[in-house]
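There are 2 protein chains.
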Amino acid sequence: MKKTTSRLLISSSKNEADIHYLCGVRPPEGAVLIKSGKKIYLLVSAMESGRMRRTVRQNVTVISPDQLGIKPGKNLSQWIQKLLKEKQLSSVEISGDFPVGVADSLRRAGVKIHIIKQPPCPRREVKSADEIKAIRQSQRAAVEAMKAAIQQIASARISRDEMLVCGKTMLTSEKVRATICHTLLDFDCAAEETIVASGMLSADPHERGTGPLQAGQPIVIDIFPRSGKTGYWGDITRTVCRGPASAALKKQYNAVKAAQAAQLKMLKAGVWTDTVHRTGAQLMESRGFKTKTINGVAQGFIHGSGHGVGLEIHEAPRVSPANHQKLRAGHIITVEPGLYYPSIGGVRIEDTVLITEDGYKMLCSCPKKLEI
Amino acid sequence: MKKTTSRLLISSSKNEADIHYLCGVRPPEGAVLIKSGKKIYLLVSAMESGRMRRTVRQNVTVISPDQLGIKPGKNLSQWIQKLLKEKQLSSVEISGDFPVGVADSLRRAGVKIHIIKQPPCPRREVKSADEIKAIRQSQRAAVEAMKAAIQQIASARISRDEMLVCGKTMLTSEKVRATICHTLLDFDCAAEETIVASGMLSADPHERGTGPLQAGQPIVIDIFPRSGKTGYWGDITRTVCRGPASAALKKQYNAVKAAQAAQLKMLKAGVWTDTVHRTGAQLMESRGFKTKTINGVAQGFIHGSGHGVGLEIHEAPRVSPANHQKLRAGHIITVEPGLYYPSIGGVRIEDTVLITEDGYKMLCSCPKKLEI
Chain G
1354 MKKTTSRLLI SSSKNEADIH YLCGVRPPEG AVLIKSGKKI YLLVSAMESG RMRRTVRQNV
1414 TVISPDQLGI KPGKNLSQWI QKLLKEKQLS SVEISGDFPV GVADSLRRAG VKIHIIKQPP
1474 CPRREVKSAD EIKAIRQSQR AAVEAMKAAI QQIASARISR DEMLVCGKTM LTSEKVRATI
1534 CHTLLDFDCA AEETIVASGM LSADPHERGT GPLQAGQPIV IDIFPRSGKT GYWGDITRTV
1594 CRGPASAALK KQYNAVKAAQ AAQLKMLKAG VWTDTVHRTG AQLMESRGFK TKTINGVAQG
1654 FIHGSGHGVG LEIHEAPRVS PANHQKLRAG HIITVEPGLY YPSIGGVRIE DTVLITEDGY
1714 KMLCSCPKKL EI
Chain F
1354 MKKTTSRLLI SSSKNEADIH YLCGVRPPEG AVLIKSGKKI YLLVSAMESG RMRRTVRQNV
1414 TVISPDQLGI KPGKNLSQWI QKLLKEKQLS SVEISGDFPV GVADSLRRAG VKIHIIKQPP
1474 CPRREVKSAD EIKAIRQSQR AAVEAMKAAI QQIASARISR DEMLVCGKTM LTSEKVRATI
1534 CHTLLDFDCA AEETIVASGM LSADPHERGT GPLQAGQPIV IDIFPRSGKT GYWGDITRTV
1594 CRGPASAALK KQYNAVKAAQ AAQLKMLKAG VWTDTVHRTG AQLMESRGFK TKTINGVAQG
1654 FIHGSGHGVG LEIHEAPRVS PANHQKLRAG HIITVEPGLY YPSIGGVRIE DTVLITEDGY
1714 KMLCSCPKKL EI
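Sequences listed follow chains G and F, in order. Here my numbering is used: the first residue of the first sequence is 1354, the next is one more, and so on. Here my numbering is used: the first residue of the second sequence is 1354, the next is one more, and so on.
As structure tokens, this is what we get:
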């Protein structure tokens, strides 16, 4: 056997994007990929193999178990062993999220396994012209959906008891989410986890939101659609308030907006990701907005400042205190400071931008205004 | 330490449904669940913990790292070790799809790990009254979307060159898929992977479908929506042909329809899953429809006859030759024989049914007719 070490991947939610990137097509669940130098082998069931052969990149060889003399079935370890033997590969690199059952089985069969931290496609961070175009399209869909949502909230009537009313019924998170999803569909995009969270619920960054919307309360709208055609994501968040906002909410909103402006202003190739985060965090803290955990519930600026966007909604590079990494031209990241307090609610403002040598480009712009 | 063995799960696409089932709420990515007897501990970041505490079942204790004296961050192995120590647990059971990096790290720390095949929630197979209601709702959404899609295709005009035309433009897979998705949204359901595949493309069961639709060709429409509210899925497939179908296509359609009828007729508690599959396979084979793999591409009846539907779109019990298991009252399964040949195209007919002691109940009915 050759002494070559190859990278081994099994398709699951964790690395579907890597396989998609390497093969140019979304893989079926349980597909096995082996990358050996520039050669890529993609092992899929006979049922999936025809479609895969039609659509993968030229440097990818699609193999089905029958071609290896293996009966159909889902013994992934057996598939992999046979393929490694055929290609004379004796050792493989895997990520920590590789399934332990298959890893142990390969170890028992004498395959040398190295668990490495390096991602299988570090190049994925830096986007090509085609990728920038695809993300820009998804971002445009997100912005159009955001405008439709804000328009729907802005045109709602305020009832005597401070509820938002549309026609003869209450305007709810669900109705605004439906408006967003219908708009996205017109761009062949879907966004299952769209957030329209108001009042107390908005203080939880990952709360999807439910029920009637109130006047004078923050409404956090976070839209992250994926294109059905390209597989690339977009991501945008706005916070709005129908009718007059309290002085406290205005102060919180202005702090987040100023933090985002300061972060955007410093973006360019060569800037450190954790420095970007700290700039936003310090600005908000200097205006009196503390971050702390009370009874196991985090309050203040309780998440990172951003993340890469591509074939995954959250990918490298992370813009967070835990990641010390230089931004590069071609990175596409979100810039999304936020503040969350149970007494007032949440405020988050997020845009997706392309890093350039001397600054950044907004992928699709959308107004920022609290009171509507 | 106690000699108790507990089940350990980390939320990812593979077992999100188990954690959802055990906790009554959809977990965030990377959540850690430890089930020890009837006690369930759910470990999530401080940012997620407030929402989780509000929504989990009573028997679930939500814990965030700060409560264990651990600094924020994503060292799952450290979280788990600390929690196991605190709860005096020295060994854990995991599934084969558990991430190898965390497993190896726990082994190095002296935690006894047992990889077991038994699923963490075998009870998930048998649905409660509430679950049946939820799946029926998703299935109703799927049927309404199917009717809208078929209506759109049926009302298309046939051009001189045998293409389907709607208004002044071609009717495409994309347009029918949009109709389906818009309809599903009105039921708070989403179905990212809806299939509308026609002609040659329909010969691949997992081809999503693209481009203009032709008259006289099979169009396979497979709709599997998930409810945003409940998280439960529905699943239905119909095959239609706008205008007259060829004799060969009619024969293929009738074989699949007869196979499904024979399979449905035999359903009841106590029947073996592989017997159900074989009944359909033999009926179609007796009508001359062979199954084989040519040049790595499978043809004929190339998939199982069905699968369980619940918090996952594909879950136990599988109705396939590889699964010898008795059906039980409360199982909800699809019954979906199909035939696929590159020369003619694909035909699949699928319904989702509830198994009862003496038969089955269709969750939501929808007409079956080839030519429209």
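Positions of the beta carbon are idealized from the N, C-alpha and C atoms, including for glycine.
>> Run through chain G and tell me which residues come within less than 9 angstroms of aspartate 1541 of chain F, C-beta to C-beta.
In response: Here the neighbours are Glu1527, Arg1530 and Ala1531.
>> For the segment 1378-1405 of chain G, list every residue whose C-beta sits within 7 angstroms of some C-beta in chain F, in sequence order.
In response: Residues passing the 7 angstroms Cβ filter: Pro1381, Ala1399, Met1400, Glu1401, Ser1402, Gly1403 and Arg1404.
>> What would DSSP say about threonine 1646 of chain F, mapped onto helix, strand or coil?
In response: Three-state DSSP puts threonine 1646 of chain F in a strand.
> alanine 1651 of chain G touches chain F at which residues, Cβ-Cβ below 7 angstroms?
Replying inline: What alanine 1651 of chain G touches in chain F: Ala1399 and Met1400.
> For isoleucine 1572 of chain G, which residues in chain F fall below 9 angstroms Cβ to Cβ?
Replying inline: Within chain F, no C-beta atom comes nearer than 9 angstroms to that of isoleucine 1572 of chain G; the closest sits roughly 17 angstroms away.
>> For isoleucine 1466 of chain F and glutamate 1446 of chain F, I'd like the C-alpha separation in whole angstroms.
In response: Approximately 6 angstroms, taken between the alpha carbons.
> chain F partners of alanine 1456 of chain G, CB-CB under 7 angstroms?
Replying inline: Going along chain F in sequence order, the residues near alanine 1456 of chain G (Cβ under 7 angstroms) are Val1453.
> Among G:Leu1566, G:His1656 and G:Lys1582, which has the Cα closest to the Cα of threonine 1564 of chain F?
Replying inline: It should be noted that the sequence gives glycine, not threonine, for residue 1564 of chain F. Restricting attention to G:Leu1566, G:His1656 and G:Lys1582, the CA atom closest to the CA of glycine 1564 of chain F is found in G:Lys1582.
>> What residue range does the alpha helix (DSSP H) around glycine 1454 of chain F cover?
In response: First-last of the alpha helix (DSSP H) with glycine 1454 of chain F: 1453-1461.
> According to a CB-to-CB cut-off of less than 7 angstroms, which residues of the segment 1639-1665 of chain G neighbour chain F?
Replying inline: Legend: CB atoms of the segment 1639-1665 of chain G lying less than 7 angstroms from CB atoms of chain F belong to residues Thr1646, Gly1649, Val1650, Ala1651, Ile1655 and His1656.
>> With a threshold of 8 angstroms between beta carbons, is cysteine 1534 of chain F in contact with chain G?
In response: For cysteine 1534 of chain F, the answer is yes, since a Cβ of chain G falls inside 8 angstroms of its Cβ.
>> Tell me the residue span of the alpha helix (DSSP H) that contains alanine 1444 of chain G.
In response: Here the sequence assigns serine to residue 1444 of chain G, which means alanine is not the residue at that position. Taken as a continuous stretch (DSSP letters only), serine 1444 of chain G belongs to no alpha helix (DSSP H), being part of the beta strand (DSSP E) at 1442-1447.
>> Give the list of continuous beta strand (DSSP E) stretches no shorter than 3 residues that lie fully inside the segment 1637-1709 of chain G.
In response: 1645-1647, 1650-1652, 1659-1661, 1668-1672, 1685-1688, 1691-1694, 1698-1701 and 1704-1709, all fully within the segment 1637-1709 of chain G.
> Where does glycine 1772 of chain G sit, in a helix, a strand or coil, going by DSSP?
Replying inline: What the structure shows of chain G is the stretch from 1354 to 1725, and residue 1772 of chain G is not part of that stretch, so it cannot be assessed.
> Taking C-beta to C-beta, are valine 1609 of chain G and proline 1690 of chain G nearer than 8 angstroms?
Replying inline: With respect to the 8 angstroms criterion, valine 1609 of chain G and proline 1690 of chain G are classified as neighbours on the basis of their beta carbons.
>> Here's the rule I'm using: 16 or more other beta-carbon atoms within 10 Å means buried, otherwise exposed. How should methionine 1499 of chain F be labelled?
In response: By the C-beta density criterion, methionine 1499 of chain F is buried, having at least 16 other C-beta atoms within 10 angstroms.
>> Quick check for students: name the residue ranges of the beta strand (DSSP E) that lie wholly in the segment 1399-1423 of chain F, counting only runs of 3 or more.
In response: Segments of the beta strand (DSSP E) lying fully in the segment 1399-1423 of chain F: 1413-1416.
>> Within 8 angstroms, do at least three Cβ pairs link the segment 1704-1716 of chain F to the segment 1636-1647 of chain F?
In response: Note that the segment 1636-1647 of chain F does not touch the segment 1704-1716 of chain F; fewer than 3 beta-carbon pairs, one per stretch, sit closer than 8 angstroms.
>> Taking only three categories from DSSP, how would you classify glutamine 1567 of chain G?
In response: Note: glutamine 1567 of chain G maps to strand in three-state DSSP.
> What separation, rounded to the nearest whole angstrom, lies between the Cα atoms of proline 1473 of chain F and glycine 1449 of chain G?
Replying inline: Cα to Cα, the separation comes out at about 22 angstroms.
> How would you list, in chain order, the residues of chain G whose beta-carbon sits under 7 angstroms from the beta-carbon of aspartate 1450 of chain F?
Replying inline: Pro1452 and Gly1454, listed in chain order.
> For serine 1551 of chain G, which of helix, strand or coil comes out of DSSP?
Replying inline: Here serine 1551 of chain G carries a strand assignment [DSSP, helix/strand/coil].
>> With a threshold of 8 angstroms between beta carbons, is leucine 1636 of chain F in contact with chain G?
In response: With 8 angstroms as the cut-off, leucine 1636 of chain F does not count as an interface residue toward chain G.
> Would the beta-carbon of proline 1674 of chain F be found less than 7 angstroms away from any heavy atom of the ligand SAM?
Replying inline: In the structure on display, the ligand SAM does not appear, and there are no ligands present to speak of.
>> Please state whether the Cβ-Cβ distance between glycine 1683 of chain F and isoleucine 1708 of chain F is less than 8 angstroms.
In response: In this structure, isoleucine 1708 of chain F lies closer than 8 angstroms to glycine 1683 of chain F by Cβ.
> Can you tell me the Cα-Cα spacing of glutamine 1616 of chain F and glycine 1712 of chain F, whole angstroms?
Replying inline: Between glutamine 1616 of chain F and glycine 1712 of chain F, the C-alpha separation is close to 11 angstroms.
>> Can you check which of these residues, G:Leu1692, G:Met1715, G:His1630 and G:Ser1458, is closest to histidine 1677 of chain G by C-alpha distance?
In response: It is G:His1630 whose Cα lies nearest to the Cα of histidine 1677 of chain G.
>> Taking the alpha helix (DSSP H) that arginine 1591 of chain F belongs to, which residues open and close that run?
In response: First-last for arginine 1591 of chain F: 1589-1593, but that is the beta strand (DSSP E), not the alpha helix (DSSP H).
> From the beta carbon of glutamate 1446 of chain G, is the nearest beta carbon of chain F less than 8 angstroms away?
Replying inline: No, glutamate 1446 of chain G lies away from the interface with chain F (no Cβ there is under 8 angstroms from its Cβ).
> Which stretch, first to last residue, makes up the alpha helix (DSSP H) that contains aspartate 1371 of chain F?
Replying inline: From DSSP, the alpha helix (DSSP H) with aspartate 1371 of chain F extends over 1369-1376.
>> Any C-beta of chain F within less than 8 angstroms: which residues of the segment 1467-1480 of chain G qualify?
In response: Per Cβ criterion, the list reads Ile1468.
> Would a check of beta-carbon distances place aspartate 1419 of chain G closer than 8 angstroms to chain F?
Replying inline: With its beta carbon less than 8 angstroms from one in chain F, aspartate 1419 of chain G belongs to the interface.
>> Tell me which residue opens and which closes the beta strand (DSSP E) that histidine 1559 of chain F is part of.
In response: Looking at the DSSP string, histidine 1559 of chain F is not in any beta strand (DSSP E), and its letter there is neither H nor E.
> So what does DSSP say about cysteine 1542 of chain F, is it helix, strand or coil?
Replying inline: In the structure shown, cysteine 1542 of chain F sits in a strand (DSSP, three-state: E or B).
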